[in-house]
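Residue numbers (our numbering): 2 to 189. Just so you know, even glycine gets a beta-carbon here, dropped at the ideal spot from N, CA and C. Before any comments, here is the structure.
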Amino acid sequence: GGILVDGEVRYGIEIPGLGSWLARGSVDREVIGFDQIPDEDEPPANVVHIAFQLMVGIGTGLALLGVVAAWLRRRWRRRDRDLTSSRRILWLVLLAGPASIVALEAGWTVTEVGRQPWIVHDVLRVRDAVTPNGGVWVSLGVIVVVYVGMATAATIVLRSMSRRWRQGEVDLPTPYGPPDHHTLEAGR
Numbered sequence: 002g003g004i005l006v007d008g009e010v011r012y013g014i015e016i017p018g019l020g021s022w023l024a025r026g027s028v029d030r031e032v033i034g035f036d037q038i039p040d041e042d043e044p045p046a047n048v049v050h051i052a053f054q055l056m057v058g059i060g061t062g063l064a065l066l067g068v069v070a071a072w073l074r075r076r077w078r079r080r081d082r083d084l085t086s087s088r089r090i091l092w093l094v095l096l097a098g099p100a101s102i103v104a105l106e107a108g109w110t111v112t113e114v115g116r117q118p119w120i121v122h123d124v125l126r127v128r129d130a131v132t133p134n135g136g137v138w139v140s141l142g143v144i145v146v147v148y149v150g151m152a153t154a155a156t157i158v159l160r161s162m163s164r165r166w167r168q169g170e171v172d173l174p175t176p177y178g179p180p181d182h183h184t185l186e187a188g189r
């Protein structure tokens, strides 16, 4: 743990030999530290460290939420209660969606920032691999337009369904499917 400040790890808990054991499988083997890496080859350690802690923390929280929800479901089933009767559980589940996206992005940050400045370690640097392709902006524009269109269409459909539900309208008939029982009797 800890945070790297001016080349020193602060606020960390040191356990002698743990780093060697985790990295090399033996407490006697040497692990190369930041003090032995040239400055131009160092990734931004604090960004990677904080993103990793965020990813693991959220992942652990989501796993615990799943375990607690399964336990409550089993326990409450005996009392004819379900998880939707608890506002706290519903709020936690609601927050779990965005939290999982944050964890996913934090994991991506660990991967992409942690390998800097290399695309392929000791072979190709990021600055040498970047392309000045101007077509990227056109692709981004098309993707944004498509997603805005899909979001708009989904919003219109969901609002329409919600309005019909609130007004108590019966579901629209399906164009292809088995005939409705009432329709068959009316036709006789």
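Entirely enclosed alpha helix (DSSP H) segments - the stretch 36-88, minimum 4 residues = As summarised for the stretch 36-88, the continuous alpha helix (DSSP H) elements at least 4 residues long and confined to that stretch are 46-78, given in chain order.
What residues in its chain sit with their C-beta under 7 Å from that of GLY3, if we drop five residues either side in the sequence?
-> For the purposes of this step, residue 3 is identified with residue 2 of the sequence shown, where counting begins at 1. Residues of the same chain with a CB within less than 7 Å of the CB of GLY3, apart from the 5 flanking positions on each side, are VAL10, ARG11, TYR12, GLY13 in chain order.
Counted within 10 angstroms of its Cβ, other Cβ atoms place ALA64 as buried (16 or more) or exposed | Taking the first residue of the sequence shown as position 1, residue 64 is located at position 63. With fewer than 16 Cβ atoms within 10 Å of its Cβ, ALA64 is classed as exposed.
Provide the residue span of the beta strand (DSSP E) that contains VAL147, from first to last.
-> Taking the sequence shown and counting its residues from 1, the one referred to as residue 147 is at position 146. First-last for VAL147: 137-167, but that is the alpha helix (DSSP H), not the beta strand (DSSP E).
Grab me the residues of SER27's own chain with a C-beta within less than 7 Å of its C-beta, minus the 5 sequence neighbours each way, in chain order.
-> The residue given as residue 27 occupies position 26 in the sequence shown. Residues SER21 of the same chain have their beta carbon placed closer than 7 Å to that of SER27, with the five preceding and five following residues left out of the count.
From TRP138, ARG116, THR61, ASN134, residue whose alpha carbon lies closest to that of ASP42 = One-based indexing of the sequence shown puts residue 42 at position 41. Across the set TRP138, ARG116, THR61, ASN134, the C-alpha of ARG116 shows the shortest separation from the C-alpha of ASP42.
With MET56 and GLY108 assumed to form a contact (beta carbons below 8 Å), what rounded beta-carbon distance in angstroms separates them?
-> Position 55 of the sequence shown, counted from the start, is the residue given in the question as residue 56. Position 107 of the sequence shown, counted from the start, is the residue given in the question as residue 108. Indeed they touch by this definition, with Cβ atoms about 5 Å apart.
When the Cα atoms are used, what is the spatial distance from SER101 to TRP138?
-> Within the sequence shown, numbered from 1, the residue matching residue 101 stands at position 100. Within the sequence shown, numbered from 1, the residue matching residue 138 stands at position 137. Taking the straight line joining both Cα atoms gives about 28 Å.
Compute the beta-carbon to beta-carbon distance between PHE35 and VAL111, rounded to the nearest angstrom, for a pair I have assumed lies under 8 Å.
-> Locating residue 35 in the sequence shown gives position 34, counting from the first residue. Locating residue 111 in the sequence shown gives position 110, counting from the first residue. The Cβ separation is near 17 Å, so there is no contact.
Enclosing beta strand (DSSP E) for ARG11 [first to last residue] = Along the sequence shown, read from residue 1 onward, the residue named residue 11 stands at position 10. Per DSSP, ARG11 belongs to the beta strand (DSSP E) from 9-11.
Would you mind working out which of VAL143, GLN37, ARG80, ARG89 sits nearest VAL69, comparing C-alpha positions?
-> Here residue 69 corresponds to residue number 68 of the sequence shown, with the count starting at 1. Selected option, being the one with the closest Cα: ARG89.
Looking only at C-alpha atoms, which of TRP119, ASN134, VAL6 sits nearest to ASN47?
-> Mapped onto the sequence shown, residue 47 falls at position 46. Comparing Cα positions, the closest option is VAL6.
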